[in-house]
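**Q**
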Ligand code: SF4
């Protein structure tokens, strides 16, 4: 099959399940699906957001894609190459193209190493550069993310949260990856420095030809930096498409509720009303049918019996070629979202 050269990453029907403890010695084994039959793709130079509440499976999905966790089912293709079952050296080679930026920069950095050594470490492990060359590259990267030669000699505890995240980004870029997966990259930072880090990431995307997979629970961040977004609920994608279309006209009731919850700093800007009730259900015993039905204001009897497939929006098939997909029986007929001022 011909591979689309614009596609950097393809995830096909990926699942990650964990066995639960048996209730009785001979009872059949039950499983909890942290990630359930997820398919998505990422083009070169694109930023894709993965959004959902805590515990929805978005971090597990990211870790499976990076092969930090073994998926139970499905395939991961990087530049058309199946990396799902790579081992040893082949896996290490593939991992060079995929790097992780962690949520908490402090706990992800070795406190005994100086900033320059932290960025140089992956280059040393690769063993292709002399110490002087690796040192120069590390310094160059630190400078590029806004840190000085003096700061390169400092330890992690001597930096602010934003500066530590800059070190984390420089370290992630050391091996010149094509894909950077960032898990809540600014949620641990002061609001005042979040925009600086997001702007830095956007600049680096251009300069280094990166594609980003950004994991976040914060739709305001996704709107700011992403081209497309996948909304995840209880391990499944429920809405998938361009940020522009989804933010303009969300079609899944869960997306609508998430959008309505975005705080509006300017009280004169109208917000959208769409409340959901209750908490995320326990993933080990998900509701029958559409897993969102106990919280959905539009639920009908069919929603308790059948799982709605993720399908292209019929109303947009001609205009978007089916790019927007929604897992709701009534996506095409829901009323426009109500705007309240
Ligand atoms: Fe709500 Fe039914 Fe759509 Fe699920 S399928 S989101 S319960 S309307």
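In the working numbering, the protein residues as written are 27 to 367. For every residue, glycine included, the Cβ atom is placed at its ideal position computed from N, Cα and C. This structure is a prediction, so every number in the text was calculated from the model and none was measured.
Counting only runs of 4+ residues fully inside the region 238–267, write out the alpha helix (DSSP H) ranges in chain order.
**A** 245–251
**Q** Given this structure, state the Cα-to-Cα distance separating residue 331 from residue 169, to the nearest angstrom.
**A** Residue 331 sits at position 305 when you count from the first residue of the chain shown. Residue 169 sits at position 143 when you count from the first residue of the chain shown. Computed Cα separation, rounded: 57 Å.
**Q** Give every residue whose Cβ lies closer than 5 Å to any heavy atom of the ligand SF4, listed in chain order.
**A** 279, 316, 318, 319, 322, 324, 325, 329, 334, 354, 355 and 356
**Q** What residues match up with residue 75 in a beta bridge as DSSP calls it?
**A** Taking the chain shown and counting its residues from 1, the one referred to as residue 75 is at position 49. For residue 75, which the question treats as bridged, DSSP gives the partners 240 and 255.
**Q** Once the 5 residues before and after residue 105 are set aside, which same chain residues still bring their CB inside 7 Å of it?
**A** Locating residue 105 in the chain shown gives position 79, counting from the first residue. Cβ within range, chain order: 34.
**Q** Is residue 150 helix, strand or coil when you go by DSSP?
**A** For this step, residue 150 is matched to residue 124 along the chain shown. Helix, per DSSP.
**Q** Helix, strand or coil for residue 182? Go by DSSP, reduced to three states.
**A** Translated into the one-based positions of the chain shown, residue 182 becomes position 156. It is helical.
**Q** One question on the structure: do residue 250 and residue 206 come within less than 7 Å of each other, judged by their Cβ atoms?
**A** For the purposes of this step, residue 250 is taken as the residue at position 224 of the chain shown. For the purposes of this step, residue 206 is taken as the residue at position 180 of the chain shown. No, these two residues do not count as a Cβ contact at 7 Å.
**Q** Write down the C-beta distance between residue 309 and residue 58 rounded to the nearest angstrom, noting that I regard them as a contact closer than 8 Å.
**A** Counting from one through the chain shown, the residue named residue 309 turns up at place 283. Counting from one through the chain shown, the residue named residue 58 turns up at place 32. Going by Cβ atoms, the distance from residue 309 to residue 58 rounds to 5 Å, so yes, they are a contact pair.
**Q** My understanding is that residue 302 touches residue 283, with C-beta atoms under 8 Å, so please give their C-beta distance in whole angstroms.
**A** For the purposes of this step, residue 302 is taken as residue 276 along the chain shown, with counting starting at 1. For the purposes of this step, residue 283 is taken as residue 257 along the chain shown, with counting starting at 1. Contact flag correct, Cβ pair sits at about 4 Å.
**Q** So the alpha helix (DSSP H) residue 45 belongs to, where does it begin and stop?
**A** As a first step, residue 45 must be located in the chain shown, where it is residue number 19. Premise fails: residue 45 lies in the beta strand (DSSP E), 33–45, not in any alpha helix (DSSP H).
**Q** Unbroken alpha helix (DSSP H) runs of length 4 or more, entirely within the region 187–237: which are they?
**A** 187–199 and 217–234
**Q** On the three-pair Cβ rule with 8 Å, is the region 80–91 touching the region 269–282?
**A** no
**Q** Let me check understanding here. Comparing Cα to Cα, which of 61, 215, 52 and 46 lies closest to residue 37?
**A** Sequence index remark: in the chain shown, residue 37 carries index 11 (1-based). The option with the nearest alpha carbon to residue 37 is 61.
**Q** Going by beta-carbon coordinates alone, are residue 324 and residue 356 separated by less than 7 Å?
**A** To locate residue 324, count along the chain shown from 1; it is residue 298. To locate residue 356, count along the chain shown from 1; it is residue 330. Their beta carbons are under 7 Å apart, which means residue 324 touches residue 356 by this criterion.
**Q** Let me know if residue 134 comes out buried or exposed under the rule of 16 or more other beta-carbons within 10 Å of its beta-carbon.
**A** Walking along the chain shown from the start, residue 134 turns up at place 108. Burial call: buried.
**Q** DSSP state of residue 325, grouped into three classes?
**A** Mapped onto the chain shown, residue 325 falls at position 299. The answer is coil: DSSP assigns residue 325 none of H, G, I, E or B.
**Q** Considering only DSSP beta bridges, list what residue 64 is partnered with.
**A** For the purposes of this step, residue 64 is identified with residue 38 of the chain shown, where counting begins at 1. 40, per the DSSP bridge assignment.
**Q** Mapping DSSP to helix, strand and coil, what is residue 85?
**A** Along the chain shown, one-based indexing puts residue 85 at 59. Three-state DSSP puts residue 85 in a helix.
**Q** When the Cα atoms are used, what is the spatial distance from residue 116 to residue 109?
**A** Position 90 of the chain shown, counting from 1, holds the residue named residue 116. Position 83 of the chain shown, counting from 1, holds the residue named residue 109. For residue 116 and residue 109, the distance between alpha carbons rounds to 9 Å.
**Q** Taking all protein chains shown into account, do 16 or more other C-beta atoms lie within 10 angstroms of the C-beta of residue 234, making it buried, or fewer, making it exposed?
**A** Here residue 234 refers to the residue found at position 208 when the chain shown is read from its first residue. Answer is exposed; the Cβ neighbour count stays below 16.
**Q** If you compare alpha carbons, which of 93, 101 and 158 is closest to residue 63?
**A** Reading the chain shown from its first residue, position 37 is the one you call residue 63. Selected option, being the one with the closest Cα: 101.
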